[in-house]
Every structure is written in C-alpha cells, then in structure tokens.
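Novice: Quick one: structure below, then a few questions.
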Amino acid sequence: MTDVTTGKDPVESGPVVAPAGGAARGGVTTKSERTGGPLVSNDESDKFELRLQHAVSGFVDGPRAAVEEADQVVEAIVARFAETVRERRRTLRTSWQDTEEKADTERLRLALRDYRELAERLLHI
87 MTDVTTGKDP VESGPVVAPA GGAARGGVTT KSERTGGPLV SNDESDKFEL
137 RLQHAVSGFV DGPRAAVEEA DQVVEAIVAR FAETVRERRR TLRTSWQDTE
187 EKADTERLRL ALRDYRELAE RLLHI
C-alpha cells in the first residue's frame, strides 16, 4: 500500500531505527540484522554439507544407509531452521509486545516490516 501524498510504501519508507535496546551503531540496523541474518551459520552449513556429501559418497557401498543418513541431515537442517525462526519470532514479538508503554506507530511499522521480510525469506527458501 502506498501513501497517496508521498507515493511511498509506509512500511518501507523512513529511517531504519532499532527498537529499544537497538543496534550498537547508533540505533540504525542493517537489513541482515533486521531479518536475523542467515538461517544457519556458514560453519553449520558447511557441517551439513559434509554430512550430506558423506551420505552421497556412501551410496554405492550401502544405498539404504546413505539414504537414511541423508534423511537425518535434512531432519537436522529443518530442526535448525525451525529453531532459528522461533527465536526470530520471539525477538520480533518482544520488539512490540513487551514494552511498558504502548508501542508507538513507528515501532509497529518497523515490526511489520520485519515480519514481512521474514515471511518473504521463508517463502523463497
């Protein structure tokens, strides 16, 4: 939805200001910080890839064991993604629900933007 007077999306426009207790750089956050960064760290991703490669390379000697191992890797990845998304949702909820005073419109706008970015990331996995 665009603002008729400015022609801009009200959720996207305006300075990016961190919620209470925001970023160390003067309250300004990057898109990566707002969306929680990658769903798994590079180190975790490398470990998952090694486990999957191990499963694939073992297929000739033990096809069933290789497929079972690949299934376990995918299960671990899904569990890690779910844990990361749960934590991100908890952080987002805290940014607008757990305030002593009512959340102002700007805080709610930022929360909505962050929810939208998270949802878009999940839809494009």
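Numbers 87 to 211, taken from the numbering used here, label the letters of the sequence shown in order. Backbone N, C-alpha and C fix where the C-beta goes; we use that ideal spot for every residue, glycine too.
#1: Quick one: complete alpha helix (DSSP H) runs, 4+ long, within the stretch 135 to 186?
#2: Between which two residues does the alpha helix (DSSP H) harbouring LEU196 extend?
#3: Around the C-beta of LEU125, are 16 or more other C-beta atoms found within 10 angstroms, so that it is buried, or is it exposed?
#4: For LEU136, count the other beta carbons within 10 Å of its own beta carbon; 16 or more makes it buried, fewer makes it exposed. Which is it?
#5: Excluding five sequence neighbours on each side, which residues of the same chain lie with their C-beta closer than 7 Å to the C-beta of LEU194?
#6: Apart from the five residues on each side of it in sequence, which residues of its chain come closer than 7 Å, Cβ to Cβ, to GLU206?
#7: According to DSSP, simplified to helix, strand and coil, what is SER127?
#8: Is the Cβ-Cβ distance between HIS140 and GLU154 less than 8 Å?
Specialist: For this structure:
#1: The stretch 135 to 186 contains, as complete alpha helix (DSSP H) runs of 4+ residues, the segments 149 to 183 (chain order).
#2: By 1-based counting over the sequence shown, the position of residue 196 is 110. Annotation: the continuous alpha helix (DSSP H) that includes LEU196 extends over 191 to 209.
#3: Mapped onto the sequence shown, residue 125 falls at position 39. LEU125 is classed as buried because its beta carbon has at least 16 other beta carbons within 10 Å across all chains shown.
#4: Position 50 of the sequence shown, counted from the first residue, corresponds to residue 136. With fewer than 16 Cβ atoms within 10 Å of its Cβ, LEU136 is classed as exposed.
#5: Position 108 of the sequence shown, counted from the first residue, corresponds to residue 194. TRP182.
#6: Along the sequence shown, read from residue 1 onward, the residue named residue 206 stands at position 120. Taken in chain order, the list of residues that qualify is empty.
#7: On the sequence shown, position 41 is the one that residue 127 refers to. DSSP, read as helix, strand or coil, puts SER127 in coil.
#8: Position 54 of the sequence shown, counted from the start, is the residue given in the question as residue 140. Position 68 of the sequence shown, counted from the start, is the residue given in the question as residue 154. The Cβ-Cβ distance between HIS140 and GLU154 does not fall below 8 Å.
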